[in-house]
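Accompanying notes for the structure given below.
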Amino acid sequence: MHAPAWQDQVFEALRRARVRQVGYVPDAGHSRLIERAHAEPEMQAVVLTTEEEGVALAAGAWLGGQRAVLLMQSSGVGNCINMLSLPVNCRMPFLTLVTMRGEWGEFNPWQVPMGGAAEAALRLAGVHVHRAETPAEVADMVAAAAVLAFDSRVPVAVLLAQRLIGAKVFVE
Amino acid sequence: MSGTLDRRAVVAALLRDPGDLLVVTGLGSTTYDAGAAGDRAENFYLWGAMGAAAMMGLGLALARPERRVLVLTGDGEMLMGLGALASIGALRPANLAIAVMDNGRYGETGSQRSHTDLGTDLAAVAAACGWAATAVIGDMAGVEALRPRLRREALFAVVRISAAEVPRALPPRDGALLQHRFRASLGIAET
Numbered sequence: 027m028h029a030p031a032w033q034d035q036v037f038e039a040l041r042r043a044r045v046r047q048v049g050y051v052p053d054a055g056h057s058r059l060i061e062r063a064h065a066e067p068e069m070q071a072v073v074l075t076t077e078e079e080g081v082a083l084a085a086g087a088w089l090g091g092q093r094a095v096l097l098m099q100s101s102g103v104g105n106c107i108n109m110l111s112l113p114v115n116c117r118m119p120f121l122t123l124v125t126m127r128g129e130w131g132e133f134n135p136w137q138v139p140m141g142g143a144a145e146a147a148l149r150l151a152g153v154h155v156h157r158a159e160t161p162a163e164v165a166d167m168v169a170a171a172a173v174l175a176f177d178s179r180v181p182v183a184v185l186l187a188q189r190l191i192g193a194k195v196f197v198e
Numbered sequence: 146m147s148g149t150l151d152r153r154a155v156v157a158a159l160l161r162d163p164g165d166l167l168v169v170t171g172l173g174s175t176t177y178d179a180g181a182a183g184d185r186a187e188n189f190y191l192w193g194a195m196g197a198a199a200m201m202g203l204g205l206a207l208a209r210p211e212r213r214v215l216v217l218t219g220d221g222e223m224l225m226g227l228g229a230l231a232s233i234g235a236l237r238p239a240n241l242a243i244a245v246m247d248n249g250r251y252g253e254t255g256s257q258r259s260h261t262d263l264g265t266d267l268a269a270v271a272a273a274c275g276w277a278a279t280a281v282i283g284d285m286a287g288v289e290a291l292r293p294r295l296r297r298e299a300l301f302a303v304v305r306i307s308a309a310e311v312p313r314a315l316p317p318r319d320g321a322l323l324q325h326r327f328r329a330s331l332g333i334a335e336t
């Protein structure tokens, strides 16, 4: 599968923001980023068993002077909620890129509840939320989110709309 | 599973002459134990975010490969973040060690029995997740021998401590203060 250009641009935005640790729970929408992170000598990609591990990983990275990002799907947002008290309470940066499910053309009803609640849940937990709908805006949005997170030291999520990523096709 | 060792004596022994050891403690009694052993900027105490300690240790160890990182936590806190043993086992950083103070109890909430008292063997779990070195310690001679190993090896250790309650010893709990002084101790410039 050929990756769309915006996915490489997002990787470049993270690289330019000096992100060194990339925690992820695999998602098809992040597959290009994950591949690039593994191939980048200046980055350490960390596969997680569950998304909240990535919140703690990012906090540890920050304690040691490195910047981290968490890549996850909207279903993973729910797993992170209590762990988000860590960056919020400690005034640490936190940056996550969230591929959305349960919205544009969703085939699987099990994805709909958490997909629909992810944005509000993040806000309720104290996370600033940006949402990208079109390829042209994604890389700038990730770059701006990284500045907000790492310079203003707040938790920030960039939601990548399902329309942007493309609905998962189960039935041809 | 609980043992006979006094947790304060164990943690005081493990943290004696800490040098430049970086320490992350888990929510609950290990935070108090480390505070009682001597508060220092290189200790980061979790007072919440239960299950975070091991993964914080991983992020820190990856960021600072030239330094030793010790995660000191309890059996309940480790159980809540059990997947971290697999995530760390997948990378096996050489500079990270974990020591679990195992009393087989949730001591903060009324001493309910934990899974380690009901059959879970944390050292076996860690080994099954790819940790090359694991240890189970039941006496103070073992604790003394463990101290240098925790500062040298990628080791997962379980120390069987008594479930007896000890007096509270409360280290700082302001998360912003803890992260700022920790980073300052590493010479990280705040721009």
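Chains A and B, in that order, give the protein sequences. Using this note's numbering, the first residue of the first sequence is number 27, and each one after it goes up by one. Using this note's numbering, the first residue of the second sequence is number 146, and each one after it goes up by one. The beta-carbon is built from N, C-alpha and C at its ideal position, and this holds for glycine as well.
Just list the residues that DSSP pairs residue i with in beta bridges.
| i | result |
| --- | --- |
| A:ARG157 | A:LEU185 |
| A:MET98 | A:VAL124 |
| B:VAL304 | B:MET246, B:ILE282 |
| B:TYR190 | B:THR170 |
| B:THR218 | B:VAL245 |
| A:ALA71 | A:VAL48 |
| B:ARG258 | B:ARG250 |
| B:LEU150 | B:ILE306 |
| A:ARG93 | A:VAL45 |
Looking at residue i: is its Cβ nearer than 8 Å to the Cβ of residue j?
| i | j | result |
| --- | --- | --- |
| B:ARG296 | A:LEU89 | no |
| B:GLY171 | B:ALA198 | yes |
| B:GLU253 | B:GLY173 | yes |
| A:ARG42 | A:ALA169 | yes |
| B:GLY196 | B:GLY226 | yes |
| A:VAL22 | A:VAL45 | Given a span of 27 to 198 for chain A in the structure shown, any question on residue 22 of chain A remains unanswerable. |
| B:LEU159 | B:LEU291 | yes |
| A:ALA85 | B:GLY204 | yes |
| A:ALA144 | A:SER111 | no |
| B:ALA314 | B:ALA181 | yes |
| B:SER147 | B:SER307 | yes |
| A:GLY104 | A:VAL51 | no |
| A:LEU121 | A:ALA172 | yes |
| A:PRO119 | A:PHE176 | yes |
| B:VAL311 | B:ARG152 | yes |
| B:ASP247 | B:VAL288 | no |
| A:GLU77 | B:SER232 | no |
| A:ARG127 | B:ALA321 | no |
| A:HIS154 | A:VAL180 | yes |
| B:VAL281 | B:ALA272 | no |
How close, in whole Å, do the beta carbons of residue i and residue j come, if the pair is a contact with beta carbons under 8 Å?
| i | j | result |
| --- | --- | --- |
| B:ASP184 | B:PRO316 | 5 Å |
| B:HIS260 | B:LEU224 | 5 Å |
| B:VAL168 | B:LEU215 | 5 Å |
message = When you compare the region 154–165 of chain A with the region 177–187 of chain A, are there three or more beta-carbon pairs, one atom per stretch, that lie closer than 8 Å?
response = Counting Cβ pairs under 8 Å, three or more are found: they touch.
ask   = Closer than 9 Å, Cβ to any Cβ of chain B: which residues of the region 56–84 of chain A, in chain order?
value = Result list: GLN70, VAL72, VAL73, LEU74, THR75, THR76, GLU78, GLU79, GLY80, VAL81, ALA82, LEU83, ALA84.
query = Do the region 75–93 of chain A and the region 54–65 of chain A touch if we need at least three Cβ pairs shorter than 8 Å?
reply = Counting Cβ pairs under 8 Å, fewer than three are found: no touch.
Cβ-based contacts, 9 Å cut-off: residues of the region 187–221 of chain B near chain A = Answer in chain order: PHE189, LEU191, TRP192, GLY193, ALA194, MET195, GLY196, ALA197, ALA198, ALA199, MET200, MET201, GLY202, LEU203, GLY204, LEU205, ALA206, LEU207, ALA208, ARG209, ARG212, VAL214.
Residues of the region 222–245 of chain B with Cβ closer than 8 Å to any Cβ of chain A, in chain order = Hits within the stretch, in order: GLY226, GLY228, ALA229, ALA231, SER232, ALA235, LEU236.
query = Is it a yes or a no for the region 230–249 of chain B touching the region 210–218 of chain B, going by three-plus beta-carbon pairs under 8 Å?
reply = Three or more Cβ pairs drawn from the region 230–249 of chain B and the region 210–218 of chain B lie within less than 8 Å of each other, which places the two stretches in contact.
query = Residues in the region 145–165 of chain A with C-beta within 8 Å of chain B's C-beta atoms, listed in sequence order?
reply = Across the region 145–165 of chain A, no CB contact with chain B closer than 8 Å is found for any residue.
ask   = At a Cβ cut of 8 Å, what residues of the region 108–127 of chain A count as close to chain B, listed as they run along the chain?
value = Under the 8 Å Cβ criterion, the region 108–127 of chain A contributes ASN108, MET109, SER111, LEU112, ASN115, CYS116, ARG117, MET118.
inquiry  = At a CB distance below 8 Å, what residues from the region 319–331 of chain B approach chain A? Give them in sequence order.
reply    = Those residues of the region 319–331 of chain B that come within reach of chain A (Cβ to Cβ, closer than 8 Å) are GLY320, ALA321, LEU323, GLN324, PHE327, ARG328, LEU331.
request  = Mind checking the region 40–52 of chain A against chain B and listing, in chain order, the residues whose C-beta falls within less than 9 Å of any C-beta there?
outcome  = Listed by position, the residues of the region 40–52 of chain A near chain B (Cβ gap below 9 Å) are ARG46, GLN47, GLY49.
task = Give, in chain order, every residue of the region 174–193 of chain A whose Cβ lies closer than 7 Å to some Cβ of chain B.
result = Answer in chain order: no residues at all.
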